[in-house]
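Contents: one structure, followed by commentary.
In our numbering, the protein residues as written are -2 to 250.
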C-alpha cells in the first residue's frame, strides 16, 4: 500500500529584501519517509526549511501539507497543524529551565485539543523527553545555558516533539557537535523513524544523512539540481563532487 503524501512543494521562490535565494524549488515527502536536503553553504537549505515552517514567506509557488494548501498559513498555525522545526544552532532559551523550554514547544496544543487534554499531553511529553534523554530528566530545573552543545540539541529535539508533529524539520542537527555526539543524535533520529516519524533533514554534506534517509536532493545556489535515492548518492561520491567538490566532506561526515 502506497503511503499518503504528507508534503508537496511546487515552484517555491523566496529570499530576503531584494535578494532571491530559492528559485522554483520542488520537494515532496510521503508519510513515514525521510528526505535529506544537501548542498554547500549558501545553497538555500536553511531558507527552504524556514519556508516550510512558515518563518520565511514564499514569493511564489505553493506548499501543501496533508492535502491542504498552507502557502500563506502563519508559522504558529503550521506548528498547530503538525510541522515542527529544530532550527540551525538549536536556539533554545538559555535563561529558561529545561522543563520551561519543553513547555514552550507545546504552546499550540491548548488551541488544538483543549486545555484539559493539552495538560495531559504536555505532562506525557515531558515524561517521554526525560525517558529518551535521562541527562535532561536529572536536571529539569537547570537553565538551557548550562547545557553542553549535545545536551542543547537533545533539548531542541525534545522541544519540537512536544507539539506531536507529523513532520519534523531538522536543520543541521550535528552542527558544532563532535562525531561521537553526532552519531548519538542520529541514533535518536533512527528511533523516531522507527516510530513512524516523517522528517526533512538539512545537511551541508553528511554520510550519516545519506545512510539514514530514503531520498536526498541537492541544492545549488537556490536551485534543486539533483534528486535521487539516498543509497545511489551515497555510492557515487564522484557525482557529489561534480556538483560541489565535496567528496572529502562526505567521507568525513
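Glycine included, every Cβ here is placed at the ideal spot set by N, Cα and C.
Quick caveat, the model's predicted, so the values are computed rather than measured.
The C-alpha of residue 147 is placed about 23 angstroms away from the C-alpha of residue 37.
Only residues of its own chain outside the window of five on either side were considered, and among them 99, 102, 103 and 122 have a CB closer than 6 angstroms to the CB of residue 159, listed in chain order. For residue 134, the CB contacts under 8 angstroms within the same chain, skipping 5 residues up- and downstream, are 126, 127 and 128 in chain order. The region 1 to 10 and the region 52 to 62 touch, with no fewer than 3 CB-CB distances between them shorter than 8 angstroms. Beta-bridge annotation (DSSP): residue 190 is not paired with any residue. By the 16-neighbour rule on beta-carbons within 10 angstroms, residue 4 is buried. When 174, 228, 25 and 167 are compared, the shortest CA-CA separation from residue 47 is found for 167.
Listed in chain order, the beta strand (DSSP E) elements of length 3 or more contained wholly in the region 79 to 156 are 80 to 83. Here the region 17 to 35 lies against the region 185 to 195, with 3 or more beta-carbon pairs under 8 angstroms apart.
Put simply, of 77, 229, 54 and 92 the residue whose alpha carbon is nearest the alpha carbon of residue 111 is 77.
Bounds of any beta strand (DSSP E) do not take in residue 231; it lies within the alpha helix (DSSP H) bounded by 227 to 231. Excluding residues up to 5 positions away in sequence, 98, 99 and 102 lie with their Cβ nearer than 6 angstroms to the Cβ of residue 156 in the same chain. The criterion of a C-beta distance shorter than 9 angstroms is satisfied by residue 92 and residue 141.
Excluding five sequence positions before and after residue 119, the CB atoms of its chain that fall closer than 6 angstroms to its own CB belong to 103, given in chain order.
Taken through DSSP and simplified to helix, strand or coil, residue 77 comes out as helix. Setting aside the 5 residues that flank it on each side, residue 43 is surrounded in the same chain by 85 and 168, each with a C-beta closer than 6 angstroms to its C-beta; the list follows chain order.
Taking all protein chains in view, the Cβ of residue 219 is crowded by 16 or more other Cβ atoms within 10 Å, so the residue is classified as buried. Setting aside the 5 residues that flank it on each side, residue 130 is surrounded in the same chain by 151 and 155, each with a C-beta closer than 7 angstroms to its C-beta; the list follows chain order. About 5 angstroms separates the CB atoms of residue 80 and residue 164; that is less than 8 angstroms, so the two are in contact. Around residue 1, the same chain offers 28 as residues with beta carbons nearer than 6 angstroms, after the five sequence neighbours per side are excluded. With respect to the C-alpha of residue 183, the residue from 173, 201 and 208 having the closest C-alpha is 208. A Cβ-Cβ contact shorter than 9 angstroms links residue 216 with residue 222.
In the DSSP assignment, residue 50 falls within the alpha helix (DSSP H) that extends over 42 to 50.
Straight across, the Cα-Cα distance linking residue 201 with residue 214 is about 12 angstroms.
Around the CB of residue 55, 16 or more other CB atoms lie within 10 Å, so the residue is classed as buried.
Judged by their CB atoms, residue 35 and residue 230 are nearer to each other than the 9 angstroms cut-off. Distance from the CA of residue 21 to the CA of residue 13, rounded to the nearest whole angstrom, comes to 15 angstroms.
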